[in-house]
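For reference, the structure is listed below as structure tokens.
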Amino acid sequence: MSMSPDDPGAPRADVPSADVPSAVDFDWIGIDWGTSNLRAWAMDAGGSVLAQRQSDKGMGCLSQSQFAPVLLELIAPWRRPGRRVQVIAAGMVGSRQGWIEAPYSDVPTQPLAAPPVTAPIDDAQVTVHVIPGLRQRRPADVMRGEETQIAGFLLHNPDFDGVICLPGSHGKWARISAGEVVSFRTAMTGELHAAIGGHTVLRHTLGMPGRDWPTGVFEEAVADGLSRPEALAVRLFELRAEELVNGQDAGTAQARLSGLLIGAELGAMRPYWLGQQVALIGSAELSARYTDALAAQGSSPIQTRGDAMTRAGLLAARRNLEETSR
Numbered sequence: 002m003s004m005s006p007d008d009p010g011a012p013r014a015d016v017p018s019a020d021v022p023s024a025v026d027f028d029w030i031g032i033d034w035g036t037s038n039l040r041a042w043a044m045d046a047g048g049s050v051l052a053q054r055q056s057d058k059g060m061g062c063l064s065q066s067q068f069a070p071v072l073l074e075l076i077a078p079w080r081r082p083g084r085r086v087q088v089i090a091a092g093m094v095g096s097r098q099g100w101i102e103a104p105y106s107d108v109p110t111q112p113l114a115a116p117p118v119t120a121p122i123d124d125a126q127v128t129v130h131v132i133p134g135l136r137q138r139r140p141a142d143v144m145r146g147e148e149t150q151i152a153g154f155l156l157h158n159p160d161f162d163g164v165i166c167l168p169g170s171h172g173k174w175a176r177i178s179a180g181e182v183v184s185f186r187t188a189m190t191g192e193l194h195a196a197i198g199g200h201t202v203l204r205h206t207l208g209m210p211g212r213d214w215p216t217g218v219f220e221e222a223v224a225d226g227l228s229r230p231e232a233l234a235v236r237l238f239e240l241r242a243e244e245l246v247n248g249q250d251a252g253t254a255q256a257r258l259s260g261l262l263i264g265a266e267l268g269a270m271r272p273y274w275l276g277q278q279v280a281l282i283g284s285a286e287l288s289a290r291y292t293d294a295l296a297a298q299g300s301s302p303i304q305t306r307g308d309a310m311t312r313a314g315l316l317a318a319r320r321n322l323e324e325t326s327r
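Position one of the sequence shown corresponds to residue 2 (the numbering used here), numbered consecutively onward.
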């Protein structure tokens, strides 16, 4: 799913907030449980958010036995004595290192074709359903969490035929037809950006990521990365040399790095987006970068918010459960 929460202002589990009342008259709870963060929404039957909480207790810092206690602590303020709680969870919580492994479904398939897996929990009043991810055999690829966002997008756009791009640490490009994920590919662009900026010599050159960049620099770097991906390693060191030799400022270096990496990604994913209708699912800032990059290539992508599509996908999964239980 996303690298960081799309709702940075969402209340944390350990911070009192007006959005976290002592009890909530909710119908169900939606969970986005990633590697670094956990987000929970108390929902009504139609998928509207009644309250929300957030924690930094992501999958990456938990053992299997810790998932249930963390969840119960997080949702405790919302519960009423004796009332059953249905939880729908997506993300890395269903990975091999998560709470319970939810087997992958092979593409082509609808994003939520496989039924959720029930996670073990020592609370008779709480049932936790974990959404499975998707798998592609050739070329090998996997996704967890993004299938829920895709399902959320298709809930609102059932006739969409084209490509959905979900930029992030491991950005996904999924080809959609007749309501199914036909194929997909993953690019480690976000993780590469973080690694280069934090663990190479370029950490001395780059400023903070942001949109306050010199006009045209990002777009020029996108074009360079797209047209000459074989020169990427050379272009990266040029960022350092430009600072030392010509006094290039940090904002320009950051814009060029982002543009080079996204441009190289677009070059690799050209068979996906060229001539296709493209929809972006992600944070506002990251989606804006990809929109600018694609616009320079003549594409006009649809922008949607990742957090909203996650909640819509969780709602779709709950509706599927209700249908199968009738």
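Quick reminder that beta carbons are idealized off the backbone N, C-alpha and C, glycines included. Predicted, not measured: the structure shown is a model, and the values here were computed from it.
Less than 8 Å between the CB atoms is what I'm expecting for residue i and residue j, so what's the real figure, rounded?
i: Val164; j: Trp174; result: 6 Å
i: Pro116; j: Thr311; result: Pro116 to Thr311, Cβ: 19 Å. No contact.
i: Gly314; j: Gln150; result: 6 Å
i: Gly134; j: Pro159; result: Not confirmed; about 22 Å, so no contact.
i: Gly264; j: Gly226; result: 2 Å
According to DSSP, is residue i helix, strand or coil?
i: Glu181; result: strand
i: Ile263; result: helix
i: Met2; result: The pLDDT assigned to Met2 is 42, lower than 50, so where the model puts this residue is not dependable, and the model offers no usable value.
i: Trp100; result: coil
i: Pro22; result: Reliability of the predicted coordinates at Pro22 is poor, the pLDDT of 46 falling under 50, and no value is obtained from them.
i: Gln249; result: coil
i: Gly226; result: helix
i: Thr190; result: helix
i: Ala41; result: strand
i: Gly48; result: coil
i: Arg214; result: It is worth fixing the name first, because residue 214 is Trp in this sequence and not Arg. Coil.
i: Arg204; result: helix
i: Ala175; result: strand
Compare the Cα-Cα distances from residue i to each of the options and report the closest residue.
i: Ile122; options: Arg139, Arg84, Leu72; result: Leu72
i: Leu167; options: Arg80, Ser178, Phe185, Gly198; result: Phe185
i: Gly172; options: Asp162, Asn158, Thr187, Ser178; result: Thr187
i: Gln65; options: Met93, Glu239, Gly134, Arg138; result: Met93
i: Asn321; options: Gly153, Arg257, Gly59; result: Gly153
i: Arg306; options: Ala317, Asp293, Ile282; result: Ile282
i: Gly61; options: Leu39, Tyr291, Glu147; result: Leu39
i: Ala318; options: Ala234, Trp274, Gly48; result: Gly48
Hey, would you say residue i sits closer than 8 Å to residue j, going by beta carbons?
i: Thr206; j: Arg241; result: yes
i: Ala297; j: Val223; result: yes
i: Val118; j: Val131; result: yes
i: Ala1; j: Arg80; result: What the structure shows of the chain is the stretch from 2 to 327, and residue 1 is not part of that stretch, so it cannot be assessed.
i: Asp33; j: Met44; result: no
i: Ala254; j: Gly199; result: no
i: Leu155; j: Pro112; result: yes
i: Gly35; j: Ile89; result: no
i: Asp107; j: Arg138; result: yes
i: Ala280; j: Ile303; result: yes
Just checking: is the beta-carbon of residue i within a distance shorter than 8 Å of some beta-carbon in chain B?
i: Pro109; result: Absent here is chain B; the protein component of the structure consists of one chain.
Would you check whether the ligand HEM has a heavy atom nearer than 7 Å to the C-beta of residue i?
i: Glu239; result: By its list of ligands, the structure shown contains no ligand whatsoever, and the ligand HEM lies outside what it can speak to.
**Whole alpha helix (DSSP H) elements within the segment 276-325, 4-residue minimum** = 285-296
**Segments assigned alpha helix (DSSP H), at least 4 residues, entirely inside the segment 55-131** = 68-76
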